[in-house]
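These notes concern the structure reproduced below.
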Amino acid sequence: MVSHFIAIQSSYVQGKRIGWHSVNEDEMDKDHIRSFLIKYKRECGNVHLGIHKLKTDRRSKKSIAEKDKFFEDVIFTSDIDEFINIAKRDGELVADDVARFILSMLPVSHLKLQKLIYLATLGILRRPERNYSKNRLLHTIMVQLLNRYSENIELMEETTLNRLKMMYSKS
129 MVSHFIAIQS SYVQGKRIGW HSVNEDEMDK DHIRSFLIKY KRECGNVHLG
179 IHKLKTDRRS KKSIAEKDKF FEDVIFTSDI DEFINIAKRD GELVADDVAR
229 FILSMLPVSH LKLQKLIYLA TLGILRRPER NYSKNRLLHT IMVQLLNRYS
279 ENIELMEETT LNRLKMMYSK S
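Residue numbers for the sequence shown follow our numbering, so the first one is 129 and each next one is one higher.
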């Protein structure tokens, strides 16, 4: 049997999941995996990865998808630097990310969206921390926006707004 170690992350830039793949004939090379995780954390910060281990009868990446359909759409690489470079590109926060995040949470007009993007971006630029993951940073800023400006900007009906505030205050 062949042992596969897979680290998966969503790539918002590519719109797909990317995976770093390490394979050994018998058991996992723990030193190789440890060095990958240390380098990844040093380069990317505390970005979450999905970690998977499985055994197949072949070394190929195709055998992984045959064993478990969960991995069918994952783009694999065995190159640590390539995986880290893709992950780092995804970590750069741009206005489009803020807009997509806001629109996924709130049905707003273009003018309201522009106001919220401005306020969110202002909040992001004022933050001293630079090692936040994109999702964590957007979540934090949205909590602040909802709490601070929801009364001043007519965003949506009151029940939806209250539901969003409750959702964000719990996490």
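Built from N, CA and C at the ideal position, the CB exists for glycine as well.
When C-beta atoms of the region 138 to 156 are compared with those of the region 199 to 219, three or more pairs fall below 8 angstroms, so the two segments count as touching. Contact between H132 and K181 holds, since their C-beta atoms are separated by about 7 angstroms, short of 8 angstroms. With 16 or more other Cβ atoms inside 10 Å of its own Cβ, Q137 counts as buried. Going by beta carbons, F199 and I192 fall inside the 7 angstroms limit. Residue environment for D159: exposed (fewer than 16 other C-beta atoms within 10 angstroms of its C-beta). With respect to the C-alpha of N213, the residue from I161, V151, I134, R170 having the closest C-alpha is R170.
In this structure, D225 lies away from S139, with their beta-carbon atoms at least 7 angstroms apart.
Under the DSSP assignment, F133 falls in the beta strand (DSSP E) whose first and last residues are 130 to 139. Non-local beta-carbon contacts of E194 in its own chain, meaning distances under 8 angstroms to residues more than five positions away in sequence, involve T184 in chain order.
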